[in-house]
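Chemist: My numbering runs 112 ahead of the 1-based position in the sequence shown. Sharing a structure here in structure tokens format.
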Amino acid sequence: MASEVLGVHIEKKNDGVLQAIKYVRGKLELLDQRHLPHVSEYIDIPTAEAAWHAIKDMVVRGAPAIAIAAALALAAELVSSPPETPDAKSTGAYIVERLQYLVSSRPTAVNLGEAAKQLSEVTRTAADQPEASAQSVIDAFVVSAEQMLVDDVAANRAIGANGAEAIVKAATKKEKLRVMTHCNTGSLATAAYGTALGVIRSLHAAGKLETAIATETRPYNQGSRLTAYELVYEKIPAILVADSAAAAFGATRGVDAIVVGADRIAANGDTANKIGTYSLAIGAKYHGVPFFVAAPVTSIDLDIHSGAEIHIEQRDPKELTHANGGRGDPIAPAGIDVWNPSFDVTPADLIAGIITEKGVIYKADGATEFDIPAFLARV
Ligand code: MRU
Numbered sequence: 113m114a115s116e117v118l119g120v121h122i123e124k125k126n127d128g129v130l131q132a133i134k135y136v137r138g139k140l141e142l143l144d145q146r147h148l149p150h151v152s153e154y155i156d157i158p159t160a161e162a163a164w165h166a167i168k169d170m171v172v173r174g175a176p177a178i179a180i181a182a183a184l185a186l187a188a189e190l191v192s193s194p195p196e197t198p199d200a201k202s203t204g205a206y207i208v209e210r211l212q213y214l215v216s217s218r219p220t221a222v223n224l225g226e227a228a229k230q231l232s233e234v235t236r237t238a239a240d241q242p243e244a245s246a247q248s249v250i251d252a253f254v255v256s257a258e259q260m261l262v263d264d265v266a267a268n269r270a271i272g273a274n275g276a277e278a279i280v281k282a283a284t285k286k287e288k289l290r291v292m293t294h295c296n297t298g299s300l301a302t303a304a305y306g307t308a309l310g311v312i313r314s315l316h317a318a319g320k321l322e323t324a325i326a327t328e329t330r331p332y333n334q335g336s337r338l339t340a341y342e343l344v345y346e347k348i349p350a351i352l353v354a355d356s357a358a359a360a361f362g363a364t365r366g367v368d369a370i371v372v373g374a375d376r377i378a379a380n381g382d383t384a385n386k387i388g389t390y391s392l393a394i395g396a397k398y399h400g401v402p403f404f405v406a407a408p409v410t411s412i413d414l415d416i417h418s419g420a421e422i423h424i425e426q427r428d429p430k431e432l433t434h435a436n437g438g439r440g441d442p443i444a445p446a447g448i449d450v451w452n453p454s455f456d457v458t459p460a461d462l463i464a465g466i467i468t469e470k471g472v473i474y475k476a477d478g479a480t481e482f483d484i485p486a487f488l489a490r491v
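Encoded structure:
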């Protein structure tokens, strides 16, 4: 199936959603998101090295998509050019080392580290089996990597349903809601459907969405280039605003709820997400607008208690000083110092609820932090 959006020829998957990751066993292709919405082109990713560069250079981005792309790239490499390791143990060690290398591509999102941890576990277990061979270890890895693609879609659909219900409950009792989002958390940031944008999709499907409001998400413009693109593509009513217009939009035209994604959620609920999320949450608090985070449980990092422990990635100053994510003409004078963190941390206190595929996590009455370990122990 194909479609024309913004004058661009785009392929559609059978279920009608944009597809960031195309995979059949032995072959991975990624939609090159650096050139959207003008050019839609898939790039072959035959090796872990190719995936490392694709992640670092933002061919693929979004916490879940990064993790899945890395896992599937290694799977494709292992199938199409298996290592010359002689036995199960050395093959397992090779895979674990490749996973560690992939984790070094982008530091803030926990999903990649978590995927690497799980896949390393699967690999070691396979290598420890009495009859294990190099091939059986590769097979175990490939099957688990492929399962991540399937699991992510299922998780996102559940997040969409849970989030739509939570937002309808929390927002003003209107027939249809205006819901703001930041960055891109849709099909392009996940295996399909999306997290925060999946919640917006679900609200739309339920007839509960008046309009989505997408912030442009400076400096890399994931909102205007990618989220606006997905919304136009899906024919979901939407308005694009500059980041700096978000508070004024809420104050003058009204926003019923805000829902954003997450790159890493600490045990107390502090959430790292795209730079600008924190400002939106502060504005939401001032205006009494419920502010939700939507993410799979793989975005939760129980090893850290609070957001203070999250390592925030700094990006190339050119993203600010040059147009088009650093690839265009200069838009700032040469020689200016630049601070360009990719993410910020929103304190748990500002978050109304964390929407996961296992349910919505709320704070106890009067609490300023979430007790995520207790929630996860219950579900
Ligand atoms: O730098 P990016 O584009 O990878 O940042 C993406 C975000 O911050 C998303 O909100 C987050 O990864 C969740 S995607 C479902």
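The C-beta atom is built at its ideal place from N, Cα and C for all residues, glycine as well.
1) Identify every residue that forms a DSSP beta bridge with residue 434.
2) Give the straight-line distance between the Cα atoms of residue 212 and residue 331, rounded to the nearest whole angstrom.
3) Check residue 344 in the structure and name its three-state DSSP category.
4) Would residue 381 pass as a contact of residue 482 if the rule is Cβ separation under 7 Å?
5) Quick one: grab the DSSP three-state call for residue 244.
6) Is residue 236 helix, strand or coil by DSSP?
7) What ranges does the alpha helix (DSSP H) occupy inside the segment 318-393, keeping only unbroken runs of at least 4 residues that lie completely in it?
8) Go ahead and label residue 439 buried or exposed: buried means 16 or more other beta carbons lie within 10 angstroms of its beta carbon, across all protein chains shown.
9) Could you check which residue in 392, 422, 363 has the C-alpha nearest to that of residue 384?
10) When DSSP labels each residue in this structure, what does residue 283 get in the three-state scheme?
11) Is the beta carbon of residue 179 sitting closer than 7 Å to the one on residue 227?
12) Around the C-beta of residue 376, are 16 or more other C-beta atoms found within 10 angstroms, so that it is buried, or is it exposed?
13) Which residue's Cα is closest to the Cα of residue 420: 243, 399, 459?
14) Going by C-alpha to C-alpha distance, which of 461, 310, 286 sits closest to residue 294?
15) Cβ of residue 334 within 6 Å of any heavy atom in the ligand COA?
16) I'd like to confirm the pairing. Which residues does DSSP put opposite residue 312 in its beta bridges?
17) I believe residue 485 touches residue 414 by the beta-carbon criterion, under 8 Å. Please report the beta-carbon distance rounded to the nearest angstrom.
18) Within the same chain, show all residues whose beta-carbon is closer than 6 Å to that of residue 399, passing over the 5 residues directly before and after it, in chain order.
19) Report yes if the CB atom of residue 142 is closer than 7 Å to the CB atom of residue 181, and no otherwise.
20) Which residues in the same chain have their Cβ closer than 6 Å to the Cβ of residue 176, if we skip the five residues on either side of it in sequence?
21) Can you check DSSP and say which residues form a bridge with residue 154?
22) Just to confirm, does residue 297 get its C-beta within under 6 Å of one of the non-hydrogen atoms of the ligand MRU?
23) What number of angstroms, rounded off, separates the C-alpha of residue 475 from the C-alpha of residue 188?
24) Per the DSSP calculation, residue 135 is bridged to which residue(s)?
25) Count the other CB atoms, across all protein chains shown, that sit within 10 Å of the CB of residue 443; report buried if there are 16 or more and exposed otherwise.
26) Could you tell me which of 203, 374, 345 sits nearest to residue 271, measuring between CA atoms?
27) In angstroms, rounded to a whole number, what distance separates the CA positions of residue 287 and residue 410?
28) Closest to residue 428 by CA distance: which of 165, 470, 208, 169 is it?
29) Leaving out five residues before and five after residue 146 in sequence, what residues of the same chain have Cβ atoms less than 8 Å from its Cβ?
30) From the DSSP output, read off the bridge partner residues of residue 471.
31) By Cβ distance below 7 Å, which residues in the same chain neighbour residue 284 in space, the five residues on each side in sequence not counted?
32) I'd like to confirm the pairing. Which residues does DSSP put opposite residue 406 in its beta bridges?
Modeler: Put simply:
1) For the purposes of this step, residue 434 is taken as residue 322 along the sequence shown, with counting starting at 1. Paired residue(s): 442.
2) As a position in the sequence shown, residue 212 is number 100, starting the count at 1. As a position in the sequence shown, residue 331 is number 219, starting the count at 1. So the alpha carbons of these two residues sit roughly 29 Å apart.
3) Translated into positions along the sequence shown, residue 344 becomes position 232. Residue 344: helix per DSSP, three-state reduction.
4) Along the sequence shown, read from residue 1 onward, the residue named residue 381 stands at position 269. Along the sequence shown, read from residue 1 onward, the residue named residue 482 stands at position 370. Yes, they are a contact pair.
5) Looking up residue 244 in the sequence shown gives position 132. In this structure, residue 244 counts as coil in the three-state DSSP scheme.
6) Position 124 of the sequence shown, counting from 1, holds the residue named residue 236. Helix, per DSSP.
7) 340-345, 358-364
8) If you number the sequence shown from 1, residue 439 lands on position 327. Under this definition residue 439 is an exposed residue.
9) Here residue 384 is taken as the residue at index 272 of the sequence shown, counted from 1. Cα-wise, what sits closest to residue 384 is 422.
10) As a first step, residue 283 must be located in the sequence shown, where it is residue number 171. Three-state DSSP puts residue 283 in coil, outside helix and strand.
11) Within the sequence shown, numbered from 1, the residue matching residue 179 stands at position 67. Within the sequence shown, numbered from 1, the residue matching residue 227 stands at position 115. Yes, these two residues count as a Cβ contact at 7 Å.
12) On the sequence shown, position 264 is the one that residue 376 refers to. Flag for residue 376 reads buried.
13) Here residue 420 corresponds to residue number 308 of the sequence shown, with the count starting at 1. Here the closest residue by C-alpha is 459.
14) On the sequence shown, position 182 is the one that residue 294 refers to. Residue 310 is the option with its Cα nearest to residue 294.
15) Absent from the structure shown: the ligand COA. Ligands present: the ligand MRU.
16) Along the sequence shown, one-based indexing puts residue 312 at 200. Residue 312 is not bridged to any residue.
17) Along the sequence shown, one-based indexing puts residue 485 at 373. Along the sequence shown, one-based indexing puts residue 414 at 302. Confirmed, about 6 Å.
18) As a working mapping, residue 399 is identified with position 287 in the sequence shown. 362.
19) Against the sequence shown, residue 142 aligns to sequence position 30. Against the sequence shown, residue 181 aligns to sequence position 69. Closer than 7 Å, so yes.
20) Mapped onto the sequence shown, residue 176 falls at position 64. The residues are 223, 264, 302.
21) By one-based count along the sequence shown, residue 154 stands at place 42. Paired residues: 143.
22) As a working mapping, residue 297 is identified with position 185 in the sequence shown. Yes, Cβ of residue 297 sits closer than 6 Å to a heavy atom of the ligand MRU.
23) Within the sequence shown, residue 475 is the residue found at index 363, counting from 1. Within the sequence shown, residue 188 is the residue found at index 76, counting from 1. Rounded to whole angstroms, residue 475 to residue 188 spans 42 Å at the Cα level.
24) Locating residue 135 in the sequence shown gives position 23, where the first residue counts as 1. According to DSSP, which records beta bridges pairwise, residue 135 is partnered with 140.
25) Within the sequence shown, the letter at position 331 stands for residue 443. When all chains shown are included, residue 443 counts as exposed.
26) The count along the sequence shown starts at 1 and reaches residue 271 at position 159. Cα-wise, what sits closest to residue 271 is 374.
27) Start at 1 with the first residue of the sequence shown, and residue 287 comes out as number 175. Start at 1 with the first residue of the sequence shown, and residue 410 comes out as number 298. Rounded to whole angstroms, residue 287 to residue 410 spans 33 Å at the Cα level.
28) What you label residue 428 is simply residue 316 of the sequence shown in a count that begins at 1. Ranking 165, 470, 208, 169 by Cα distance to residue 428 puts 169 first.
29) Numbered from 1 along the sequence shown, position 34 holds the residue referred to as residue 146. Cβ neighbours of residue 146 beyond the five flanking positions: 169, 170, 171, 437, 439.
30) Here residue 471 refers to the residue found at position 359 of the sequence shown. For residue 471, which the question treats as bridged, DSSP gives the partners 468.
31) Residue 284 sits at position 172 when you count from the first residue of the sequence shown. 368.
32) The residue given as residue 406 occupies position 294 in the sequence shown. In the DSSP output, where bridge partners are listed per residue, residue 406 has 467.
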